[in-house]
Amino acid sequence: MNRYLDELERTGSSLMVYSGGRLIFSSSSKGLRPHLEAIDGLGDALHGSVMADKIVGRAAALLILYSGAAEAHAALISTPGRQVLEQHGLAFTYAQETPHIKMLDGRIYCPFEAMVQGISDPAEAYRAIAEKMKALRGQR
Numbered sequence: 007m008n009r010y011l012d013e014l015e016r017t018g019s020s021l022m023v024y025s026g027g028r029l030i031f032s033s034s035s036k037g038l039r040p041h042l043e044a045i046d047g048l049g050d051a052l053h054g055s056v057m058a059d060k061i062v063g064r065a066a067a068l069l070i071l072y073s074g075a076a077e078a079h080a081a082l083i084s085t086p087g088r089q090v091l092e093q094h095g096l097a098f099t100y101a102q103e104t105p106h107i108k109m110l111d112g113r114i115y116c117p118f119e120a121m122v123q124g125i126s127d128p129a130e131a132y133r134a135i136a137e138k139m140k141a142l143r144g145q146r
């Protein structure tokens with residue numbers, strides 16, 4: 007692994023964001039919530055950052071691109087997530103690759119992965135994911 011992924015594992019975080027070599031954001035929340043929190047809370051401060059993420063699927067990859075990160079490190083990356091980062095020329099590393107991101111029960115694909123299947127624009131993906139998260143919060 008690398009130092010970013012080592013730190014991610016050591017702290018039990020799901021997302022860590024570095025800027026200028028120092029940690030500017032960390033979260034142990036699950037799913038895409040940490041990305042949305044970082045984007046909404048830090049905005050332009052994410053441009054040029056380094057993101058270390060526990061799980062990067064297609065949806066997370068699009069949010070990493072939307073944030074303007076310069077580099078990403080994933081403990082686990084899906085093939086579609088890797089392809090998105092490659093297509094956009096973002097520097098990234100990963101420890102393990104899987105064909106798809108599934109729900110914890112292992113049977114159903116993550117709904118956010120399915121939702122962004124036909125989306126290639128990071129801004130469009132951010133809007134769709136943020137709207138869906140807001141709707142889900144309203145249902146609780």
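Just so we're aligned, residue 7 is where the sequence shown starts under my numbering, counting upward by one. Note that CB positions come from ideal geometry on N, CA and C, so glycine has one too.
Per-residue DSSP class, three states only, for residue i
i: aspartate 12; result: helix
i: leucine 42; result: helix
i: isoleucine 30; result: strand
i: lysine 138; result: helix
CA-to-CA distance, residue j to residue i, given in whole angstroms
i: leucine 48; j: proline 105; result: 31 Å
i: glutamine 4; j: lysine 140; result: Residue 4 cannot be examined here, being either before or after the span of the chain that is shown, 7 to 146.
i: glutamate 43; j: serine 32; result: 10 Å
i: valine 56; j: leucine 14; result: 12 Å
i: arginine 16; j: isoleucine 30; result: 17 Å
N-terminal and C-terminal residue of the alpha helix (DSSP H) that residue i is part of
i: isoleucine 70; result: 64-73
i: leucine 91; result: 85-93
i: alanine 120; result: 117-121
Run of the beta strand (DSSP E) containing residue i, from where it starts to where it stops
i: glutamine 102; result: 97-104
i: serine 25; result: 21-25
Residues that DSSP places opposite residue i in a beta bridge
i: histidine 79; result: Ala58, Thr99
Could you tell me whether the stretch 64-71 touches the stretch 131-140, using the rule of 3 or more Cβ pairs below 8 Å?
Yes, the stretch 64-71 is in contact with the stretch 131-140.
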